[in-house]
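What follows is a short report on a single structure.
Residue numbers (our numbering), protein chains in the order written: chain A, 1 to 124; chain B, 1001 to 1124.
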């Protein structure tokens, strides 16, 4: 169980940030109608609204560098994932440090979707 | 519901860090035998082991300053809470920035306990 949690969360993190950096509109496949995103304090509910928020971020390309991935099994067969890393935006010299947590929940199809997503930039 | 989640998570955060800073041994009241803590990558399971870890941290007094608290209802009537802030240790000039997430789960007694807890210092 413990090992499966690690494997799923690492694969999820790799997939999520790869889509974010290379094919952001495909992130919608990871959310459901009940999903929630809190982005720098702004609350957004539902796959459509979350997809619109991510699509309309004020930059086209970015690159995430992952520093740490921690995960635990949650109740109800889910997984909580905590990520820290940095975000490189085009034409910005400095990386922005961020932390993000996900609560992954099993979907009827046998995979996982993002039920909870909270993102914060870390100000130094 | 949304409002209750905010109220519970803010009260929890205030209570948790107040105990941490003033009466650290009482933090054990917030964990159960199934609780999990990942502290700077180290995995600890169960209220006894978590209490021992927190008790044996290499400083007696500290002070947390909270910058942001984000919360969402999770599946199964729980609450996910994401905290950012800084930690002042005795005889340290600088604050240490940290991020921490909690998954609070309803207890049979009608309150909440910490099922998942992940803590990371933010390195700049």
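Built from N, CA and C at the ideal position, the CB exists for glycine as well.
Within the same chain, Cβ atoms closer than 7 Å to the Cβ of residue 50 (chain A) are found at 31, 35, 37 and 44, the five residues on either side in sequence being excluded. Within its own chain, the residues whose Cβ lies closer than 7 Å to the Cβ of residue 1066 (chain B), once the five positions on either side in sequence are excluded, are 1013, 1017, 1083 and 1085, listed in chain order. Residue 4 (chain A) counts as exposed, since fewer than 16 other beta carbons sit within 10 angstroms of its beta carbon. Residues of chain A whose Cβ lies closer than 8 Å to the Cβ of residue 1118 (chain B) are, in chain order, 70, 72, 80, 82 and 101.
Boundaries of the alpha helix (DSSP H) harbouring residue 1020 (chain B): 1002 to 1022, taken from the DSSP string.
The residue among A:99, A:70 and A:112 with its C-alpha nearest the C-alpha of residue 118 (chain A) is A:99. Residues are counted here when their Cβ sits less than 7 Å from a Cβ of chain B; for the segment 27 to 41 of chain A these are 36, 38 and 41, given in chain order. The C-beta distance from residue 103 (chain A) to residue 1071 (chain B) rounds to 12 Å, too long to fall under 8 Å, and the pair is not in contact. In the same chain as residue 1002 (chain B), and ignoring 5 residues on each side of it, the C-beta atoms closer than 8 Å to its own belong to 1073, in chain order. The residues 1087 and 1121, in chain order, have a CB closer than 6 Å to that of residue 1096 (chain B) in the same chain once the five nearest residues on each side in sequence are set aside. Runs of the alpha helix (DSSP H) spanning 4 or more residues and lying entirely within the segment 1061 to 1104 of chain B do not occur at all. Straight-line measurement puts the Cα of residue 1019 (chain B) at about 11 Å from the Cα of residue 1062 (chain B). In chain order, 84, 97, 99, 122 and 124 make up the part of chain A whose C-beta sits under 9 Å from the C-beta of residue 1122 (chain B). Against chain A, the beta carbon of residue 1076 (chain B) has neighbours under 8 Å at 75 and 76, listed in chain order. Take residue 10 (chain A), set aside five residues on each side of it, and the residues of its chain with a beta-carbon closer than 7 Å to its own are 69, in chain order.
Residue contact with chain B for residue 4 (chain A): absent (no Cβ-Cβ distance below 9 Å to any residue of chain B). For residue 121 (chain A), the enclosing beta strand (DSSP E) covers residues 112 to 121.
Measuring C-alpha to C-alpha distances from residue 1040 (chain B) to each of B:1101, B:1111 and B:1109 identifies B:1101 as the nearest.
Excluding its 5 nearest sequence neighbours in each direction, residue 6 (chain A) has C-beta neighbours in its own chain below 8 Å: 71, listed in chain order. Here residue 37 (chain A) carries a strand assignment [DSSP, helix/strand/coil].
Taking a Cβ-Cβ threshold of 8 Å, the residues of chain A close to residue 1105 (chain B) are 75, in chain order. Contacts with chain B at 9 Å (Cβ-Cβ) do not include residue 9 (chain A). Taking a contact as a CB-CB distance under 8 Å, the pair residue 28 (chain A) and residue 47 (chain A) counts as one, their CB atoms being some 6 Å apart.
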